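Below is one structure, written out as structure tokens, with a few remarks after it.
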């Protein structure tokens, strides 16, 4: 049951991404190209997603507990740190270079386009390297946390 | 929980049960374009402006950034902002500005694409 719902969530999310054009690097780059061929339409995708998610969260949290788990898993950090800002800035640079963000590239894998495979393979390497670095630093400096 | 977190949990799994639902979500994500094709008759348009080298470079930088920054467009920009998280607001403004600046430099200064 849980796996079927998980499958459906992934399918629904990325069908929306695919229809909206968020998975198309050229469209994404034009959205950010305020100085050139500006295509502001993707703002409606993010705005629409935000609105639905905002309402959905209110409804879900109103239940007190999730339907398929014993409790909600939500991020607990609230401080602004260098990792958050530096990491986000890096992500933006990468997004500008390739035109793919993770949520746009993962469904694009399903089209069998080999360019997407190159991007996602590199993405996985990047994620793995940082996870490994974080693992190593947490072992060598346990007091820092 | 955005696309980054689903993928990151598969790259470095915490537990076996965790792996199963993450894989189910990923599999659902990848079949999204197939649904689009079944309904409209064609896959969603994909126009990749850069070369393979640019995509690989961008992919590694995105991987570094989203893991250090704790999320991408869906995680910080949608899920986080919808919870009115100040961290997500800062992250989203930061990556939006960084992306626009990168596109400006690559397209209008360097002429890469």
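Protein chains in written order, with the numbering used here: chain W, 1 to 145; chain B, 1001 to 1113. By construction, the Cβ of each residue, glycine as well, lies at the ideal position given by its N, Cα and C atoms. It should be emphasised that the depicted structure is a prediction, and the values quoted were computed from it without experimental measurement.
Just checking: is the beta-carbon of residue i within a distance shorter than 9 Å of some beta-carbon in chain B?
i, result
"residue 144 of chain W", "Low confidence applies here, because residue 144 of chain W scores a pLDDT of 46, under 50, leaving its location unreliable and the question unanswered by this model."
"residue 146 of chain W", "Given a span of 1 to 145 for chain W in the structure shown, any question on residue 146 of chain W remains unanswerable."
"residue 25 of chain W", "yes"
"residue 39 of chain W", "no"
"residue 65 of chain W", "no"
"residue 138 of chain W", "no"
"residue 6 of chain W", "yes"
"residue 91 of chain W", "yes"
"residue 126 of chain W", "yes"
"residue 62 of chain W", "no"
"residue 108 of chain W", "yes"
"residue 59 of chain W", "no"
"residue 44 of chain W", "no"
"residue 134 of chain W", "yes"
I need the boundaries of the alpha helix (DSSP H) containing residue i, first residue and last residue.
i, result
"residue 1014 of chain B", "Looking at the DSSP string, residue 1014 of chain B is not in any alpha helix (DSSP H), and its letter there is neither H nor E."
"residue 1103 of chain B", "1086–1104"
"residue 65 of chain W", "That residue, residue 65 of chain W, is in no alpha helix (DSSP H); it is neither H nor E in DSSP."
"residue 2 of chain W", "2–20"
"residue 38 of chain W", "Looking at the DSSP string, residue 38 of chain W is not in any alpha helix (DSSP H), and its letter there is neither H nor E."
"residue 1108 of chain B", "Element bounds for residue 1108 of chain B: n/a, residue is neither H nor E."
"residue 1069 of chain B", "1052–1069"
"residue 27 of chain W", "25–32"
"residue 85 of chain W", "82–98"
"residue 107 of chain W", "102–108"
Quick one: does residue i have its CB under 9 Å from some CB of chain W?
i, result
"residue 1074 of chain B", "yes"
"residue 1058 of chain B", "yes"
"residue 1052 of chain B", "yes"
"residue 1019 of chain B", "no"
"residue 1015 of chain B", "no"
"residue 1077 of chain B", "yes"
"residue 963 of chain B", "Here chain B comprises residues numbered 1001 to 1113, so residue 963 of chain B is not present and cannot be evaluated."
"residue 1111 of chain B", "no"
"residue 1063 of chain B", "yes"
"residue 1002 of chain B", "yes"
"residue 1070 of chain B", "yes"
"residue 1080 of chain B", "yes"
"residue 1032 of chain B", "yes"
Taking C-beta to C-beta, are residue i and residue j nearer than 9 Å?
i, j, result
"residue 120 of chain W", "residue 133 of chain W", "no"
"residue 1054 of chain B", "residue 1112 of chain B", "yes"
"residue 1058 of chain B", "residue 87 of chain W", "no"
"residue 127 of chain W", "residue 1066 of chain B", "yes"
"residue 103 of chain W", "residue 1072 of chain B", "yes"
"residue 1032 of chain B", "residue 14 of chain W", "yes"
"residue 131 of chain W", "residue 1008 of chain B", "yes"
"residue 24 of chain W", "residue 1044 of chain B", "yes"
"residue 176 of chain W", "residue 1103 of chain B", "What is shown of chain W runs 1 to 145, which leaves residue 176 of chain W out entirely."
"residue 45 of chain W", "residue 20 of chain W", "yes"
"residue 1090 of chain B", "residue 90 of chain W", "no"
"residue 68 of chain W", "residue 2 of chain W", "yes"
"residue 136 of chain W", "residue 1063 of chain B", "no"
Flag this pair as touching only if the segment 3–12 of chain W and the segment 1074–1081 of chain B have three or more C-beta atom pairs under 8 Å; answer yes or no.
no
Count the CB pairs spanning the segment 86–105 of chain W and the segment 1043–1057 of chain B that are closer than 8 Å, and state whether there are at least three.
yes
Please confirm if the segment 1089–1102 of chain B is in contact with the segment 1004–1020 of chain B, defined as three or more CB-CB distances below 8 Å between the two stretches.
no
At least 3 beta-carbon pairs within less than 8 Å: the segment 1081–1089 of chain B vs the segment 47–67 of chain W
yes
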